[in-house]
Each structure stands twice: as C-alpha cells, then as structure tokens.
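205 is the number of the first residue of the sequence shown in my numbering; add one for each residue after it.
These notes concern the structure reproduced below.
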Amino acid sequence: MQTRPIQLTDVIYNAATQCFEALVTVQDGEQLRRYACAIEAPITMSYSDAADGLSRQAIRRHAQKRGLSSEVLRHVPALRAGRRSFDPLRWLEEVMHLSGRDAA
C-alpha cells in the first residue's frame with residue numbers, strides 16, 4: 205500500500221448519530237481529493253484512534269475510486285488577452301521616466 209499525505213479538517217463528534225465525522229483530504233501526486241468521512245464510535249474513543257479510523261476510511265474510498273468526493277484543482281491564473289500581469293514596481297519605474305512629469 206502506497207503512503208499518501210492525509211489532512212483531517214473539522215473533526216467533530218456527532219452525538220445524534222454517535223459518530224466521529226471529518227473532511228479528509230488525500231493527496232495523490234498533484235491531485236487533491238476530499239472525502240466526507242464518518243465512523244461509528246463512542247464519545248470516549250481517543251482522538252488518535254478516531255483520526256486513524258477516518259484516515260483509513262478515506263484511503264479505502266480513494267483506492268476504490270467510489271463514493272462522494274470533490275477534487276481540488278490548483279489555481280492557474282488566466283492570461284489577460286495576451287498582456288503581462290500587472291507589476292506595480294515596473295509601473296512606478298515607467299511613471300518616473302515619463303517626460304514632462306517633473307515636480308516643481
């Protein structure tokens with residue numbers, strides 16, 4: 205079994221369903237997938253045991269490629285009609301070199 209980086213977010217105990225619940229992020233190369241996981245357990249279960257169970261559930265669902273998940277895509281800024289992105293330092297340098305703009 206290949207080891208993948210795991211991140212647990214918002215781990216809570218739902219007393220109504222007697223479950224530990226969390227949003228678990230599994231990193232597989234450049235791909236990030238999030239799974240909403242829940243395990244039935246008593247409230248007396250230690251956090252490390254609950255985290256381990258939630259992580260194993262996410263890895264199992266990720267390996268089987270089933271269940272509800274969301275994919276987190278890396279943000280790639282769009283080109284703006286072929287123009288370079290705004291660089292404030294370059295803009296200030298251009299303003300400083302404009303002719304007829306000398307201060308009194």
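Built from N, CA and C at the ideal position, the CB exists for glycine as well.
Straight-line spacing of the CA atoms in A254 and E297 works out to 57 Å. Per the Cβ contact rule, the segment 237-244 is in contact with the segment 211-229 (3 or more Cβ pairs under 8 Å).
Residue state for E298 is assigned as helix, using DSSP reduced to three classes. Between E275 and Q235 the beta-carbon gap is near 7 Å, inside 8 Å, which marks them as a contact. The beta carbon of S273 lies closer than 8 Å to those of R237, R238, Y239, R265 and H266 in the same chain, with the five residues before and after it left out. Residue burial annotation: L258 is buried, with at least 16 other C-beta atoms found within 10 angstroms of its C-beta.
Taking a C-beta distance under 7 Å as the contact criterion, I247 and Y217 qualify as a contact pair. Cα atoms of R278 and L293: separation of roughly 27 Å, rounded to the nearest angstrom. Distances from the CA of P209 to each of A220, G233 and T221 were compared; the closest alpha carbon is that of G233.
Restricted to the segment 206-247, the beta strand (DSSP E) segments that are unbroken, complete and at least 3 residues in length are 210-218, 223-232 and 235-244, listed in chain order.
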